[in-house]
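Q:
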Amino acid sequence: MPRHLSTSAARSLLAALALTVAAPLVALAPTGAHAERSAAPRLASQQQIAMATPGDFTGHGFDQCLAPSQSAMDAWWKKSPFTAVGIYISGDSRACRSQPNLSATWVATQVARGWRLLPIALGPQASCQPRFPRYQDDFKISNKAAGGYSTAAAQGVAEADKNAADAVAYGIGPGATIWYDLEGFDLTNTACRESALVFVSSWVTRIKQQGYVAGFYSSASSGIKMLDDARTQRPGQFALPDRIWIARWDGNADTSTTYIPEEGWRPGGRMKQYRGGHNETWGGVTINIDSNFIDLGAGSQPVPEGRCPGTRLGFWKYPTLTPGAAKVARVKVLQCLLIEQGTYAGAVNGSYDAATIAAARAWQAARKFTPTDTFAKRHWVALLSAGARTTVKRGSSDESVHRLQRALNAAGAGRFRATGVFDAKTEAALRAYQKRLRITVSGVATPQTWNKLQRGL
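Counting with the working numbering, you get residues 418 to 874 for the letters of the sequence shown.
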């Protein structure tokens, strides 16, 4: 991860939040020399600590080192396909010890907007990692084997306490996932590997005692393989993280790698950094990032919509309605939605009768369509998409996603079930729609996209 700590002040993001659950064992901000180095904010109030992050989520994320400015975050939320973001909140070996943008307020603001946060800690590294220590005052994991690498174990406990305290200071409370970043190392070096394994096991145990979910980032061929080998060859001997973040730059936006079997940390325990440092520009803002695909917890879950009780709204197709040919199920959809629009007050009975046609004509006129007894494709697209022009993207799950999915089906861009979860099928359909209309193909439902849909295009 930290290789791209060299450019622009607007870097990756992150931080996280959590439920106002039991306080962690170490709930105080860092003190002494560490406090001076980390420049962490004071302990966040309980009001600033929100739901656990990233929670149940499937979608796209990016990471960098320095938390971007608020204006950069806002631009990327509106235009980029990313919903999850990772930044470094703790660890004396991170390149971005100073975080000028990061604060408890920054964290709360991103969470309120909808970002899923991935807090990262980069402390002591493997003893054979040649790029560390980075500073004169940081240190590596001890590879002294006395007492079964007891010094490494003690370092793991101390680092977990430090990481938990820094997390709480940023408003990232218990229930959130904290990711420990162990950069790639020589897996064949026995003392280096075993001391790192003991350190990680100790860190995992302690961070979970603090009430956090234990996450672990490393290269597929070293740290990740180290843990999977421990899982399969030495079961029960080491505490393993709840979730793994695989660094494997193969360009595949999934959570697989040939370095470990498919069954480990599944379901819901994997994410993958599938592309290394590169520039991306969204909303006129360029950030050098790594790209990640995330599949954690139960995945993104639908939110009950609560519209038109007893009436099915979602279909693969919405055929044209005419006085002589109108499917009952589709007319019920029309009637229910016209009630919401305020032009129909009759029964939702599926009859394309005079009252329903009059209500449809009134709605058409209000939307600047030429009134007609025929309710055609363009009308369906506009009616089904009607509502707030909320930015939604992969992993989103709210009422807007239901509207988007139905409108894309009506527009002929997709043929899928409207689940309320912005999944791969929804993203593909939206990209097809954007390409057809020659607007920015991002896979993100932007206000521009909603404008086209609500015009029936």
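Heads up, the beta-carbon is just placed ideally off N, CA and C, and yes, glycines get one too.
Less than 7 Å between the C-beta atoms of residue 602 and residue 545, yes or no?
A: Their beta carbons are under 7 Å apart, which means residue 602 touches residue 545 by this criterion.
Q: Nearer than 6 Å: is that true of the beta carbon of residue 543 relative to any heavy atom of the ligand ATP?
A: As far as ligands go, the structure on display features none, and thus does not contain the ligand ATP.
Q: For the segment 490-508 and the segment 528-541, state whether three or more C-beta atom pairs, one from each stretch, are separated by less than 8 Å.
A: Contact holds: three or more Cβ-Cβ distances are below 8 Å.
Q: How long is the line joining the alpha carbons of residue 527 and residue 490, rounded to whole angstroms?
A: The straight-line gap from Cα to Cα measures roughly 8 Å.
Q: Can you tell me the Cα-Cα spacing of residue 650 and residue 641, whole angstroms?
A: Those two C-alpha atoms are separated by around 14 Å.
Q: Would you kindly check if the distance between the Cβ of residue 599 and the Cβ of residue 635 is under 7 Å?
A: Yes; because the gap between Cβ atoms is below 7 Å, this pair is in contact.
Q: Quick check on this structure: which residue in 493, 742, 472, 704 has the alpha carbon closest to the alpha carbon of residue 861?
A: Cα-wise, what sits closest to residue 861 is 493.
Q: Should residue 553 be labelled buried (16 or more other beta-carbon atoms within 10 Å of its own) or exposed?
A: Result: exposed.
Q: Where DSSP assigns a beta bridge to residue 708, which residues make up the other side?
A: Looking at the DSSP assignment, residue 708 forms a beta bridge with 479, 692.
Q: In angstroms, rounded to a whole number, what distance separates the CA positions of residue 423 and residue 756?
A: For residue 423, the predicted model reports a pLDDT of 33, less than 50, meaning its position is unreliable; a value from the coordinates is still stated below. Spanning the two alpha carbons is a distance of roughly 56 Å.
Q: Does the distance from the C-beta atom of residue 715 to that of residue 473 stay below 7 Å?
A: Taking 7 Å as the Cβ cut-off, residue 715 and residue 473 qualify as a contacting pair.
Q: Looking at the unbroken beta strand (DSSP E) that takes in residue 536, where does it start and where does it end?
A: From DSSP, the beta strand (DSSP E) with residue 536 extends over 533-538.
Q: Taking only the alpha-carbon atoms, compute the straight-line gap between residue 871 and residue 512 and give it to the nearest angstrom.
A: Spanning the two alpha carbons is a distance of roughly 47 Å.
Q: Just to confirm the assignment, what range does the alpha helix (DSSP H) spanning residue 594 have?
A: Element bounds for residue 594: not the alpha helix (DSSP H) but the beta strand (DSSP E), 594-598.
Q: In whole angstroms, give me the CA-to-CA distance for residue 454 and residue 515.
A: Confidence is the limiting factor: at residue 454 the pLDDT is only 33, short of 50, which leaves the residue's position unreliable, though a coordinate-based value still follows. Whole-angstrom Cα-Cα distance: 8 Å.
Q: Do you know offhand how far residue 626's Cα is from residue 577's?
A: Their backbone Cα atoms lie some 10 Å apart in a straight line.
Q: When DSSP labels each residue in this structure, what does residue 861 get in the three-state scheme?
A: Here residue 861 sits in coil by DSSP.
Q: With H, G and I counted as helix, E and B as strand and the rest as coil, what does DSSP make of residue 817?
A: Here residue 817 sits in helix by DSSP.
Q: Applying the criterion that 16 or more other CB atoms from any shown protein chain within 10 Å of the CB defines a buried residue, is residue 869 buried or exposed?
A: By the neighbour-count rule (16 or more Cβ atoms within 10 Å), residue 869 is buried.
Q: For residue 502, does the three-state DSSP call read helix, strand or coil?
A: In the structure shown, residue 502 sits in a strand (DSSP, three-state: E or B).
Q: Within its chain, find whatever has a CB closer than 6 Å to the CB of residue 758; leave out the 5 residues flanking it on each side and keep chain order.
A: Cβ neighbours of residue 758 beyond the five flanking positions: 780.
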